[in-house]
Amino acid sequence: MPETITFYLFAALAVGASVLVIAQRNPMYSVLLLIASFGALSGLYIQLDAPFVAVAQIIIYAGAIMVLFLFVVMLLNAPKEDGADWDRTHPLRQRGVTRWGTLLVALLIVQLASALMSVREYRNPVGAQSDATSVSSVADLGRSIFTRHTFAFEATSILILVAMVGAVVLARREDAQ
Amino acid sequence: MHAAGALARPARDGGGALMEPFIRPIAIGVMIFIVFNALIMASAVLVLAERKIMGFMQQRYGPYLVGPHGMLQPIADILKLIFKEELRPKGADKWLFTLAPVVSVVAAFVAFATVPYGAETTLFGLLDEPIKLGISDVNVGVLVVFAVTSMGVYGIVLAGWSSNSKYSLFGGLRASAQMISYELSYATALAAVILLAGSLSLREIVDSQQGTWFGALPQWFLFLQPIGFIIYVIAGVAETNRAPFDFPEAEQELVAGYNTEYSSVRFALFPQAEYINMVTMSAVATDLYLGGWHFPGVPPEYGWIVFLAKVSMFLFVYIWMRWTVPRYRYDQLMMFGWKYLFPASVLNLIATAALVLYFNA
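Chains as they are written, first to last, in our numbering: chain V, 1409 to 1585; chain R, 217 to 577.
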C-alpha cells in the first residue's frame, strides 16, 4: 500500500511539474519546475528498484543539463516569452529549417515506436536489482545501451543537441533582426 | 557505556531478539542526530579554525577577545547574524530569493547521508546484528553523494539571479560555469576509483583498501591513484568555491558575489553550506583515497577516531591552501579546467581501465 501512495505522489508531482513547465511564462521558473519533474521521475525509478538509473537521472539531467539550461536562460536574460509578435522573418520560419525539423520529428517518432515495440521483450527490465549485485547490473545496463539500444541512445543525444540550438535561436531573435 | 552493555547482556539471552527491533531504530535516530549536529558544529569550529590558522600564517593572533583565546568567537558571530535585520532588495524575486539559501544548505546536509564514517559496531553487545556506522548504506553511494552535491549549485545560481543585482548575477553565472567545468574532472577521477574497487558502494570501496603492501605501506587508493587524487582535490576545491577558485564571491571584483544582497540568517546559510560541503568533500576523499577508517595497527572499534583525524587533516589542508595560494584569473580557471584537468583525468581513467583489464584478465 505505501508503494501505491508514493507512486501516485511522485507521478502527480512529475506530471504536475511538467504541465507547469509549459504553462509558465517565466523561463527561469520553467527550468526549476523541470528539475522538480526530474526529481519526481527519479523517485519513480527508485521505486522500480533501479537506483542506478535514478541517480544517473539526477546527475545527468538535474545536475548537469539543467545547470547548463539555467546558465543559458540567465545569460540570455529573457524575462518573458510572448507568442503574439511572432514574425515571418524569424530564422526558424525559413523553409530549410522546417524540413530539418520535420525530419527530426520523424526520427523521434521512429525512436518512440521502436522503444514501445521492444517493451514486451523484457520481462525483467534491465537494471532491476532484484537478484543481481549493483555493479553487475550497471555492467548489464552499459552493455545493453551500447549494443542493443545504440540507435536510440545516439539519436537521443542528437535530438537534445538540436533542441538546445533551437532554444538559443529562439531566445536570440531580437539580435537577428 | 560498558556498564550499560553489561547490564543489558543478561537480558539479551532471554529477550535479545525482543529488544533488537526497538534499539535499532533508536540507534539510527541517534546517529542521524549526532551527524546533523556535528555538521552544524563543524561549520562553527571551521570558521574559528580558519581565522586562527589565517592569523598564525600572517603572524598575528586572530580573534582573541571573546572567551579564552577567542574560542567563543563563533557564538558571538552567530548571535550577531541572528539579530541583524533581514533585507530583501526591491526588484528581487520573492520566492527564489528565499528558496536559494535553503537549497544550498539542504543539499549540503543531505550529501553526508550516504557517507560512511566507521566500521560496524554492536553497541557494546546491545545488538545481535552489528550496526554500520553511517546513516544509510546505499549500493550506489558514491553516485548519490555526487548527485546531491551537484544540486548545491542551484542554491548559488538562484541566489545570484533572484537578487536582481549585477554583482550577484555575475557571481551566479560564474558559479554555474565553474561547477559544470570542474564536475566533469571530478566525476572522471571518481570513476577511476570505482574501477579499482569494482563497486559503487562507499563502504565496499573503503573495505577494499584494507591491509598493507610489504607489511608497511597501507593499501590506500592514494598510492594507486596519485594523479586521480590530485585531480579530485583540485576539482573538490573548485566545487566548494574555495580559494584559489572562489570566483563566485571574488571580493575585489564582485563585492561579495552571489550573496551580496543577503543579510542575517539567510546570509549565514551560505557560508554554513560551504563549510559543510568542505567536510563532505574531505570525508569522501578520506573514504575514496585514504582508506577511510582503516589504519595499520588500529583496531576497527577505534576506526571512527582514525576517520575523524584524517578528515581534520584534510580540512587543515583546505584552509592552508586558502591562505597561501592567490586567486586565479577567471579565464585561467576555465582554461585550466578544460585544457589541463579534464584531459588529465580522462587519461588517468583510460590508463586505470587498461590496467584493471590487464590484471583481471
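Where a beta carbon is used, it is the ideal one built from N, C-alpha and C, also for glycine.
Local conformation of residue 1539/V per DSSP, three classes: The residue labelled residue 1539/V in the question sits at position 131 within the first sequence. In this predicted model, residue 1539/V has a pLDDT of only 46, less than 50, meaning its place in the structure is not dependable; the value taken from the coordinates is given anyway. Of the three classes helix, strand and coil, the one that applies to residue 1539/V here is coil, per DSSP.
List the DSSP bridge partners of residue 336/R. To locate residue 336/R, count along the second sequence from 1; it is residue 120. Residue 336/R pairs with 348/R.
List the whole-angstrom C-beta distance separating residue 409/R from residue 510/R, where the pair is believed to meet the contact cut-off of C-beta under 8 angstroms. Numbered from 1 along the second sequence, position 193 holds the residue referred to as residue 409/R. Numbered from 1 along the second sequence, position 294 holds the residue referred to as residue 510/R. Contact flag wrong, Cβ pair sits at about 15 angstroms.
Based on the DSSP secondary-structure assignment, which residues constitute the bridge partners of residue 428/R? In the second sequence, counting from the first residue as 1, residue 428/R sits at position 212. Bridge partners of residue 428/R: 434/R.
Three-way DSSP call (helix, strand, coil) for residue 493/R in this model: Position 277 of the second sequence, counting from 1, holds the residue named residue 493/R. Residue state, collapsed to three classes: helix.
What did DSSP end up calling residue 1446/V once you bin it into helix, strand or coil? The residue you call residue 1446/V lines up with position 38 of the first sequence. Looking at residue 1446/V - three-state DSSP - the assignment turns out to be helix.
If we cut at 8 angstroms on Cβ distances, does residue 395/R have a partner in chain V? The residue you call residue 395/R lines up with position 179 of the second sequence. Residue 395/R counts as touching chain V.
Length of the line joining the Cα atoms of residue 347/R and residue 328/R: As a first step, residue 347/R is located in the second sequence; it is residue number 131 there, counting from the start. As a first step, residue 328/R is located in the second sequence; it is residue number 112 there, counting from the start. Distance between the alpha carbons of residue 347/R and residue 328/R is about 18 angstroms.
Contacting positions in the region 1424–1443 of chain V - beta carbon closer than 7 angstroms to chain R: Taking 7 angstroms as the Cβ-Cβ cut-off against chain R, the residues of the region 1424–1443 of chain V that qualify are 1436.
Coarse secondary structure for residue 283/R, derived from DSSP in three states: Counting from one through the second sequence, the residue named residue 283/R turns up at place 67. It is coil, neither helix nor strand.
Taking a cut of 9 angstroms between CB atoms, which residues from the region 368–384 of chain R lie near chain V? For the region 368–384 of chain R, the residues whose beta carbon sits under 9 angstroms from a beta carbon of chain V are, in order, 369, 370, 373, 374, 376, 377 and 378.
Report the rounded CA-to-CA distance for residue 1518/V versus residue 1526/V, giving the unit in angstroms. Taking the first sequence and counting its residues from 1, one reaches residue 1518/V at position 110. Taking the first sequence and counting its residues from 1, one reaches residue 1526/V at position 118. Residue 1518/V and residue 1526/V: Cα-Cα distance of roughly 12 angstroms.
Taking buried to mean at least 16 other C-beta atoms within 10 Å of its own C-beta, is residue 458/R buried or exposed? Taking the second sequence and counting its residues from 1, the one referred to as residue 458/R is at position 242. Counting Cβ neighbours within 10 Å, residue 458/R comes out buried, since at least 16 surround it.
When the Cα atoms are used, what is the spatial distance from residue 266/R to residue 451/R? Stepping through the second sequence from its first residue, residue 266/R is reached at position 50. Stepping through the second sequence from its first residue, residue 451/R is reached at position 235. If I take the Cα positions, the gap works out to 21 angstroms.
By DSSP, does residue 576/R sit in helix, in strand, or in coil? The residue given as residue 576/R occupies position 360 in the second sequence. Three-state DSSP puts residue 576/R in a helix.
Listed by chain order, chain R residues near residue 1471/V by CB distance under 7 angstroms: Stepping through the first sequence from its first residue, residue 1471/V is reached at position 63. In chain order: 363, 366 and 367.
Buried or exposed: residue 302/R, going by 16 or more other Cβ atoms within 10 Å of its Cβ? One-based indexing of the second sequence puts residue 302/R at position 86. Classification for residue 302/R: exposed.
Pair within 8 angstroms by beta-carbon distance, residue 1439/V and residue 1575/V: Walking along the first sequence from the start, residue 1439/V turns up at place 31. Walking along the first sequence from the start, residue 1575/V turns up at place 167. Result no, Cβ atoms of residue 1439/V and residue 1575/V do not sit closer than 8 angstroms.
Check whether chain R comes within 8 angstroms of residue 1463/V, counting only Cβ atoms and requiring the distance to be less than that. Position 55 of the first sequence, counted from the start, is the residue given in the question as residue 1463/V. Closer than 8 angstroms: yes.
How would you label residue 295/R, buried or exposed, when you count the other beta carbons within 10 angstroms and need 16 or more for buried? Looking up residue 295/R in the second sequence gives position 79. That one is exposed.
Please go through the same chain and pick out, in chain order, the residues whose beta-carbon is closer than 6 angstroms to the beta-carbon of residue 395/R, but skip the five residues on each side of it. For this step, residue 395/R is matched to residue 179 along the second sequence. Result list for residue 395/R: 369, in chain order.
Would residue 326/R pass as an interface residue toward chain V - the criterion being a Cβ-Cβ separation below 8 angstroms? Counting from 1 along the second sequence, the entry for residue 326/R is found at position 110. By this cut-off, residue 326/R is not an interface position.
My understanding is that residue 478/R touches residue 317/R, with C-beta atoms under 8 angstroms, so please give their C-beta distance in whole angstroms. Here residue 478/R refers to the residue found at position 262 when the second sequence is read from its first residue. Here residue 317/R refers to the residue found at position 101 when the second sequence is read from its first residue. Yes, residue 478/R and residue 317/R are in contact; Cβ-Cβ is about 7 angstroms, under 8 angstroms.
Contacts of residue 307/R in chain V (Cβ-Cβ under 9 angstroms): Position 91 of the second sequence holds residue 307/R. Result: empty, since nearest Cβ-Cβ is about 11 angstroms, beyond 9 angstroms.
In this structure, how does DSSP classify residue 1415/V when only helix, strand and coil are distinguished? Here residue 1415/V refers to the residue found at position 7 of the first sequence. In this structure, residue 1415/V counts as helix in the three-state DSSP scheme.
Integer-rounded CB distance, given that residue 373/R should sit under 8 angstroms from residue 391/R: As a position in the second sequence, residue 391/R is number 175, starting the count at 1. As a position in the second sequence, residue 373/R is number 157, starting the count at 1. With 8 angstroms as the limit, residue 391/R and residue 373/R qualify as a contact, their Cβ atoms being about 6 angstroms apart.
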